[in-house]
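Trainee:
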Amino acid sequence: MRLASILTAQLLPPLILAWAALAGGLLAWRRARFAGALAAAGGLGILVLATPFAAGSLRAGLEERIPEAATTPPGAIVILGGDTVRGLAGTEPGPLTLERLRAGAALHRRSGLPVLVTGGTLGPGQPPVARVMAASLAADFGVTARWIEAEAADTRGNAMLSAAMLRAEGIGTVHLVSHGWHLARATAAFRRAGLAVHPAPLRLYGPPRGGWADAVPRPAVLGASWLMLREWAGLIVYRLRDGAA
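As numbered in the UniProt record's numbering, residues 1 to 245 make up the sequence shown, in order.
Here it is in structure tokens:
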């Protein structure tokens with residue numbers, strides 16, 4: 001990473017705000033220690049979460065929690081929805097969803113198993129993610145989704161509604177396609193819904209390499225850290241609510 005790029009990232013929002021909070025907290029330490037410590041901790045926390053090392057460590061911990069595959073053979077492929085974007089032709093799959101569709105289509109070609117796509121609406125006036133996925137799956141990958149689950153509002157809903165559709169056709173075991181960092185929580189939800197699961201992560205990053213560049217804060221990394229923290233929070237909620245890992 002070039003020095004100019006490093007300095008640019010530190011001197012533009014949001015990182016410059018984190019540095020300011022850290023500096024302000026340290027300067028205020030003598031007069032109001034608690035307030036100063038709180039401001040400094042907030043700034044430092046943002047800077048740490050903006051490093052590839054922090055985001056990578058959070059992600060690696062989630063990947064390590066992906067359960068073992070079921071012993072029964074799968075009868076279908078379930079592709080979990082994610083994000084959408086507004087394109088020239090209307091709503092399209094976002095980068096995360098598109099990666100999952102690509103992986104699911106490849107798995108379909110290898111296995112010949114039918115595909116279920118799942119995902120409800122992300123906001124008022126938006127089409128269900130599953131219908132956007134089904135259209136892209138057919139147009140971009142030449143694969144027709146046999147089932148479209150378009151009502152779920154979250155991963156638990158994805159699991160419950162998809163399981164009901166599949167059990168109605170005598171299917172109790174599935175390949176579950178999503179990102180590796182999402183599959184620990186998603187697999188727990190689908191197993192809780194009564195399905196046996198073969199987790200099918202489309203990408204596993206592994207732990208960060210630990211080079212100096214991984215310790216340099218970058219604005220774009222904050223979003224990844226937030227996503228990983230949300231997954232960890234979801235796992236904790238699952239464990240507290242019903243004992244799922």
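Every residue, glycine too, gets a C-beta built ideally from N, C-alpha and C.
From the DSSP output, read off the bridge partner residues of residue 174.
Mentor: Your numbering for residue 174 matches position 174 in the sequence shown. Per DSSP, 76 and 197.
Trainee: So, under 8 Å CB-CB, residue 119 and residue 163 are touching, yes? Tell me the CB distance rounded to an integer number of Å.
Mentor: On the sequence shown, residue 119 is found 119 positions in, with the first residue counted as 1. On the sequence shown, residue 163 is found 163 positions in, with the first residue counted as 1. Rounded, the Cβ-Cβ distance is 15 Å, inconsistent with contact.
Trainee: Return helix, strand or coil for residue 229, following the three-state DSSP convention.
Mentor: Numbered from its first residue, the sequence shown carries residue 229 at position 229. If DSSP states are grouped into helix, strand and coil, residue 229 belongs with the helices.
Trainee: Around the Cβ of residue 111, are there at least 16 other Cβ atoms within 10 angstroms (buried) or fewer (exposed)?
Mentor: Locating residue 111 in the sequence shown gives position 111, counting from the first residue. That one is exposed.
Trainee: The alpha helix (DSSP H) spanning residue 121 covers which residue range?
Mentor: In the sequence shown, residue 121 corresponds to position 121, counting from 1. Element bounds for residue 121: n/a, residue is neither H nor E.
Trainee: Which residues in the same chain have their Cβ closer than 7 Å to the Cβ of residue 54, if we skip the five residues on either side of it in sequence?
Mentor: Residue numbering aside, residue 54 sits at position 54 when the sequence shown is read from its first letter. These residues qualify, in order along the chain: 48 and 225.
Trainee: Exposed or buried, which one is residue 76 when buried takes at least 16 other CB atoms within 10 Å?
Mentor: Walking along the sequence shown from the start, residue 76 turns up at place 76. When all chains shown are included, residue 76 counts as buried.
Trainee: Once DSSP output is grouped into helix, strand and coil, what is the label at residue 216?
Mentor: Within the sequence shown, numbered from 1, the residue matching residue 216 stands at position 216. Of the three classes helix, strand and coil, the one that applies to residue 216 here is coil, per DSSP.
Trainee: Classify residue 240: buried if its beta carbon has 16 or more other beta carbons within 10 angstroms, exposed otherwise.
Mentor: Locating residue 240 in the sequence shown gives position 240, where the first residue counts as 1. Under this definition residue 240 is an exposed residue.
Trainee: Looking at residue 197: is its Cβ nearer than 8 Å to the Cβ of residue 79?
Mentor: Residue numbering aside, residue 197 sits at position 197 when the sequence shown is read from its first letter. Residue numbering aside, residue 79 sits at position 79 when the sequence shown is read from its first letter. Their beta carbons are not under 8 Å apart, which means residue 197 does not touch residue 79 by this criterion.
Trainee: Give the secondary structure of residue 223 by DSSP, where H, G and I count as helix, E and B as strand, and everything else as coil.
Mentor: Here residue 223 corresponds to residue number 223 of the sequence shown, with the count starting at 1. Residue state, collapsed to three classes: helix.
Trainee: Are any of the Cβ atoms in chain B nearer than 8 Å to that of residue 208?
Mentor: Going by chain labels, chain B is absent from the structure shown, which holds only one protein chain.
Trainee: Give a yes or no on whether the C-beta atoms belonging to residue 189 and residue 146 are separated by under 8 Å.
Mentor: In the sequence shown, counting from the first residue as 1, residue 189 sits at position 189. In the sequence shown, counting from the first residue as 1, residue 146 sits at position 146. Their beta carbons are not under 8 Å apart, which means residue 189 does not touch residue 146 by this criterion.
Trainee: Does the pairing of the stretch 56-64 with the stretch 202-220 give three or more beta-carbon distances under 8 Å?
Mentor: Because the criterion of three Cβ pairs below 8 Å is met, the stretch 56-64 and the stretch 202-220 touch.
Trainee: Determine the burial state of residue 68: buried for a count of at least 16 other Cβ atoms within 10 Å of its Cβ, exposed for fewer.
Mentor: Stepping through the sequence shown from its first residue, residue 68 is reached at position 68. Under this definition residue 68 is an exposed residue.
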